[in-house]
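Numbering (UniProt numbering), first residue to last: 1 to 357.
The beta carbon of each residue, even a glycine, is placed where N, CA and C say it ideally should be.
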């Protein structure tokens, strides 16, 4: 905590940050990070996903500040997708050449395998981009980053443990750092794929999940290239089955050389916010809206009736009354189909040149 506050005070003295930023980042008290588990309801045996809460810890405010700066330079590559909706929009109607297959790549335990020193080197190499969004000099910024990323301890039942490798789970800075490393990884790997004339016609990435399309005989070599980047960052591959593959919460299918999509939730009979709970009515309505919107926007027109039926069953399993479901469906379907129709009409607008005097 002393090192963190000394760093922040020095930044203010050198006028690298404003007084308002100084007040946000400087800390007067703190608690140790705490670990807990969230059950993966969609997996057999309900295994726990470990989560470390760093809220209120000595590094939390600094991690937020550094992440806010670095977020300006990540996620801008042509291969990056920020969510399922952007991915769905990009792949809709894509044509796939013959003898090509769909497959996905996924990093094993990304956060606990991100090499911190290499991440710092990546930031240093891209400093000309980062410097546009901060007055802090490179050395001081990197030192603060190391201080946050080296703080990997957490508390569990009164005992303090330390994460031995990777970036701290639960820190606001970790997702940004992971993205920076992944952008460097994909840049070098795609260059090697191209240099070896491997025919990978589509590549999209969400954090560490990569959607790819390539010739069947090139898939294994592409996996080897991605795994050669760093011995701690190792990928697994999942190949299409029956001309379809799941990516994020979308089932992507190639039919007659064209990509089709359908929303595929991780669980169709699991627990969501129950309608008879004491939660605010607005929360229940937003739960239903979120599910309906995903069913519509992540699904091609020919599959939407099936996706909407899935939403109805999911909501009924959580005690949502039929009148409520129908009301939400009517409003959201009306809204989205109007938007789609307006977009279509805008695309078909014809402009006639008129003579000028």
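Q | Touch test, the stretch 144-160 against the stretch 179-197, Cβ-Cβ under 8 Å, three pairs minimum | A | At 8 Å Cβ cutoff, the stretches do not touch.
Q) Would residue 201 pass as a contact of residue 219 if the rule is Cβ separation under 8 Å? A) Taking the chain shown and counting its residues from 1, one reaches residue 201 at position 201. Taking the chain shown and counting its residues from 1, one reaches residue 219 at position 219. In this structure, residue 219 does not lie closer than 8 Å to residue 201 by Cβ.
Q) Hey, how far is the Cα of residue 244 from the Cα of residue 306? A) Residue 244 sits at position 244 when you count from the first residue of the chain shown. Residue 306 sits at position 306 when you count from the first residue of the chain shown. If I take the Cα positions, the gap works out to 17 Å.
Q: Could you check what DSSP says for residue 362 in three-state terms: helix, strand or coil?
A: Shown here, the chain extends from 1 to 357; a query on residue 362 therefore has no answer.
Q) Taking the runs of the beta strand (DSSP E) that are 3 residues or longer, which of them lie wholly in the stretch 25-101? A) The qualifying runs are 34-39 and 48-53.
Q | residue 116, buried or exposed, once every other Cβ within 10 Å from all chains shown has been counted against 16 | A | Mapped onto the chain shown, residue 116 falls at position 116. Counting C-beta atoms within 10 angstroms of its own C-beta, residue 116 has 16 or more neighbours from the protein chains shown and is therefore classed as buried.
Q.
What ranges does the alpha helix (DSSP H) occupy inside the stretch 290-321, keeping only unbroken runs of at least 4 residues that lie completely in it?
A. Qualifying alpha helix (DSSP H) stretches, in chain order: 304-317.
Q. For residue 235, which residues does DSSP report across the bridge?
A. Sequence index remark: in the chain shown, residue 235 carries index 235 (1-based). DSSP lists 107 as the bridge partner or partners of residue 235.
Q. In whole angstroms, what separates the C-alpha of residue 3 from that of residue 181?
A. On the chain shown, residue 3 is found 3 positions in, with the first residue counted as 1. On the chain shown, residue 181 is found 181 positions in, with the first residue counted as 1. For residue 3 and residue 181, the distance between alpha carbons rounds to 26 Å.
Q | Three-state class that DSSP yields for residue 349 in the structure shown | A | Your numbering for residue 349 matches position 349 in the chain shown. The predicted model places residue 349 with a pLDDT of 47, which falls under 50 and marks its position as unreliable, so this point remains unresolved.
Q | Contact set for residue 183: own chain, Cβ-Cβ below 7 Å, skip 5 residues either direction | A | Stepping through the chain shown from its first residue, residue 183 is reached at position 183. The answer, listed in chain order, is 74 and 77.
Q: Spell out the partners DSSP gives residue 156 in its beta bridges.
A: Against the chain shown, residue 156 aligns to sequence position 156. According to DSSP, which records beta bridges pairwise, residue 156 is partnered with 159.
Q: Compare the beta carbon distance of residue 253 and residue 144 with 8 Å and say whether it is the shorter of the two.
A: Translated into positions along the chain shown, residue 253 becomes position 253. Translated into positions along the chain shown, residue 144 becomes position 144. No, the pair does not count as a contact, with Cβ atoms beyond the cut-off.
Q) With 16 as the cutoff for other CB atoms within 10 Å, does residue 9 come out buried or exposed? A) Taking the first residue of the chain shown as position 1, residue 9 is located at position 9. Counting Cβ neighbours within 10 Å, residue 9 comes out exposed, since fewer than 16 surround it.
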